[in-house]
């Protein structure tokens with residue numbers, strides 16, 4: 002009799018676990034530090050902490066094991082065709098506006114030109130950029146946007162990763178780098194470069210980031226999630242917000258300004 006009861010309990014636990022798992026969102030993102038990145042066997046970052054806080058506050062089933070890093074093109078396709086999907090770090094553009102339901106904005110990264118403090122840069126428009134030696138990452142959105150804004154790609158020194166342009170900026174072999182101000186601060190820390198020694202010389206695009214939910218998500222839930230996001234941005238007794246606290250874990254000095 003005891004064996005039968007034990008077996009039934011095991012089956013019940015598995016059924017409950019299966020139902021709970023089926024009710025959880027599958028969360029998807031591209032690699033975009035410090036918002037999302039590989040952290041050992043799991044995914045970590047500011048956006049991961051934020052979506053986890055939102056889900057906990059709204060009693061929505063959630064587990065980090067359900068976060069998947071993938072190309073954004075695949076994430077878009079999955080979220081358009083499969084239920085209970087969330088994409089992190091999505092620019093809310095007219096092209097995708099009607100395809101998803103939106104929570105955010107979560108953060109406001111800027112595409113910028115970054116140089117050393119103490120140097121003078123005279124940049125009023127993108128036309129002025131060509132007076133300087135600029136480095137960036139080939140195929141990156143900040144570089145593509147800079148070129149779309151009218152900068153001659155031949156005037157930009159392109160690299161395959163962030164390492165070389167940051168080293169050249171530090172070594173004064175290039176004047177400026179074109180990238181995201183928050184991501185640059187994070188990457189500099191990874192390379193033991195002090196981001197406090199650098200400044201933004203020119204902002205050429207602001208890119209608000211959202212969480213994009215699949216269309217099957219109930220509107221009442223979307224409102225609930227937006228309310229939860231707003232609440233973690235309200236200053237606590239000591240002045241910080243939950244969001245700022247999460248952000249400082251990855252970028253202690255904040256974005257480059």
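In the working numbering, the protein residues as written are 2 to 258.
Heads up, the beta-carbon is just placed ideally off N, CA and C, and yes, glycines get one too.
Since this is a predicted model, take the numbers as computed values, not measurements.
Counting along the chain, residue 189 sits inside the alpha helix (DSSP H) bounded by residues 182-191.
The continuous alpha helix (DSSP H) containing residue 77 extends over residues 73-82.
Residues of the same chain with a CB within less than 8 Å of the CB of residue 153, apart from the 5 flanking positions on each side, are 131 in chain order.
Residue nearest to residue 172 within the set 186, 218, 136 is 136 (criterion: CA-CA distance).
For residue 202, the enclosing beta strand (DSSP E) stretches over residues 199-207.
Contact between the segment 218-230 and the segment 174-186 is not established, with fewer than three Cβ pairs separated by less than 8 Å.
Nearest C-alpha to residue 120 among 75, 156, 177: 177. In the DSSP assignment, residue 232 forms no beta bridge with any residue.
The DSSP-derived three-state label of residue 97 is coil. Cβ-Cβ distances below 6 Å link residue 158 to 136 in the same chain, with the five nearest sequence neighbours on each side left out; the list follows chain order.
In the DSSP assignment, residue 166 falls within the unbroken alpha helix (DSSP H) covering 164-171.
Under the three-state reduction of DSSP output, residue 92 falls in the strand class.
It is roughly 20 Å from the alpha-carbon of residue 58 to the alpha-carbon of residue 90.
Taking a contact as a CB-CB distance under 8 Å, the pair residue 140 and residue 199 does not count as one, their CB atoms being some 23 Å apart.
Between residue 86 and residue 47, the gap from beta carbon to beta carbon reaches 9 Å or more. Taking C-beta atoms as the reference points, residue 138 and residue 201 fail to come closer than 9 Å. Within 10 angstroms of the beta-carbon of residue 114 lie 16 or more other beta-carbons, which makes it buried.
Per the coordinates, the alpha-carbon of residue 204 lies some 35 Å from the alpha-carbon of residue 67.
Excluding sequence positions up to five before and after residue 77, its CB lies less than 6 Å from no other CB in the same chain. Counting only the Cα atoms, residue 212 lies some 26 Å from residue 163. If you ignore the 5 residues before and after residue 167, its C-beta comes within less than 8 Å of the C-beta of 178, 185, 188, 189, 192, 194, all in its own chain and listed in chain order. If the five residues before and after residue 65 are omitted, its C-beta is found closer than 6 Å to the C-beta atoms of 43, all from its own chain and listed in chain order.
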